[in-house]
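Number 71 in numbering that gives the first Met the number 0 belongs to position 72 of the sequence shown; there are no gaps in the numbering.
Every residue, glycine too, gets a C-beta built ideally from N, C-alpha and C.
Here is the structure we will look at.
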Amino acid sequence: MSGEKHVMLSYQWDSQKLVTDVYKHLSEHKIPLWMDTQGGMKGHLSTSMAEGVENAVVLCCFLTPQYQDSVACKDELTYAKERRVPIIPIRLIQDWKPSGWLGFSVTGLKYIKFTDYSTNSDLRIKELVAEIQMVAGKQFSSIQPLNWNEEEEKHHEETNNSVANNDEIESTKIHFDENSYYRLTTQWQGDNKSLDILNDGKNNNKVQLAQTGNYSGQHWKIKLIQDDYYRLTTQWQGNEKSLSILNNEIILDKTSNDNAGQYWKITLLKNNYYRFTCKQQGYEKSLDIINDGQNNNKVTLAKSGCYSGQYWNITQI
0 MSGEKHVMLS YQWDSQKLVT DVYKHLSEHK IPLWMDTQGG MKGHLSTSMA
50 EGVENAVVLC CFLTPQYQDS VACKDELTYA KERRVPIIPI RLIQDWKPSG
100 WLGFSVTGLK YIKFTDYSTN SDLRIKELVA EIQMVAGKQF SSIQPLNWNE
150 EEEKHHEETN NSVANNDEIE STKIHFDENS YYRLTTQWQG DNKSLDILND
200 GKNNNKVQLA QTGNYSGQHW KIKLIQDDYY RLTTQWQGNE KSLSILNNEI
250 ILDKTSNDNA GQYWKITLLK NNYYRFTCKQ QGYEKSLDII NDGQNNNKVT
300 LAKSGCYSGQ YWNITQI
């Protein structure tokens, strides 16, 4: 299994029967999987578990009080976070929420509810497959497409929207030093890639995530311009050009006080990341990263949701 990319299923042994059933259904969708009892364990326990995490594109953790009390589960999840493996938390127990180290590890992440799995497994599997597809992008081209019926599609949309609207901390005006520069990175890509400006002679002033470096196009000023709205400019182009929406594209464009596409609201979330929304589009759409296998790392506005590409870290340089 070494070197093969997969989705890792992390669980405590009391949940093995349910997770084995999930493994079976996910396999039917042609998703490459790693599970300890399904061929994942080869040789030494620690080495096998480490390889499981290191080759994971996504880690699905099945949360219970027993999972929280397990040293092995803690090691798996902690190592996954250190490796910046995207995590999908799955709740198995009604009216129970993780606390302590586990609560801290999954705070701000979108939960998949499996508390009714025994009676609603088809819908729950579809929701999990959809989340894996969203996180993994085109890395697993073998995944079978989903066929939602109308009721399932409505439920899926309502669930995602309600989670997105509940991740906001009570609004407070955020202070940024107008004389300082900041680096913008995402939870999805971590500190290795930063918000940057293309300057290749063909796509000048288009915005992307690029390898982090000491580049003036990655140094952003954040200035309060109206109520809770901010203007974003770069060290490279100065105040003459601002982060803008033009024909649904995110670019640097000539600064204008009359352009609502240059007025950005920055909302602090419960997971201590930030969400960027624009006065032109409202809270319904957020600054996000495309992950479709063709336009990876292109910056766009997408429907607001609990997605790691919409969770931004702002670091003073």
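Between A71 and V52, the gap from beta carbon to beta carbon reaches 8 Å or more. The three-state reading of DSSP puts V21 in helix, counting H, G and I together. For W311, the enclosing beta strand (DSSP E) starts and ends at W311 to Q315. Assignment of L122 by DSSP, reduced to helix, strand and coil, places it in the helix class. Residue pairing from DSSP places P88 in a beta bridge opposite C60. Annotated as proximal: S307 and T185, with beta-carbon spacing under 8 Å.
Where Y282 is concerned, there is no enclosing alpha helix (DSSP H), although the beta strand (DSSP E) around it starts and stops at G281 to I288. Annotation for C277: the continuous beta strand (DSSP E) segment containing it runs Y273 to C277. Assignment of I131 by DSSP, reduced to helix, strand and coil, places it in the helix class. A Cβ-Cβ separation of about 7 Å places T63 in contact with D13 under the 8 Å criterion. Note on geometry: alpha-carbon atoms of I224 and L25 lie some 49 Å from one another.
Under DSSP, S9 shares a beta bridge with C60. Bounds of the alpha helix (DSSP H) holding Y78 are V70 to E81. Put simply, of F103, N54 and L127 the residue whose alpha carbon is nearest the alpha carbon of K4 is N54. Put simply, of D68, D35 and F175 the residue whose alpha carbon is nearest the alpha carbon of L231 is F175.
For E239, the secondary structure class from DSSP, reduced to helix, strand or coil, is coil.
Look at T114 here: in three-state DSSP terms it is coil, with no helix or strand label.
In the DSSP assignment, W187 falls outside any alpha helix (DSSP H), carrying neither H nor E.
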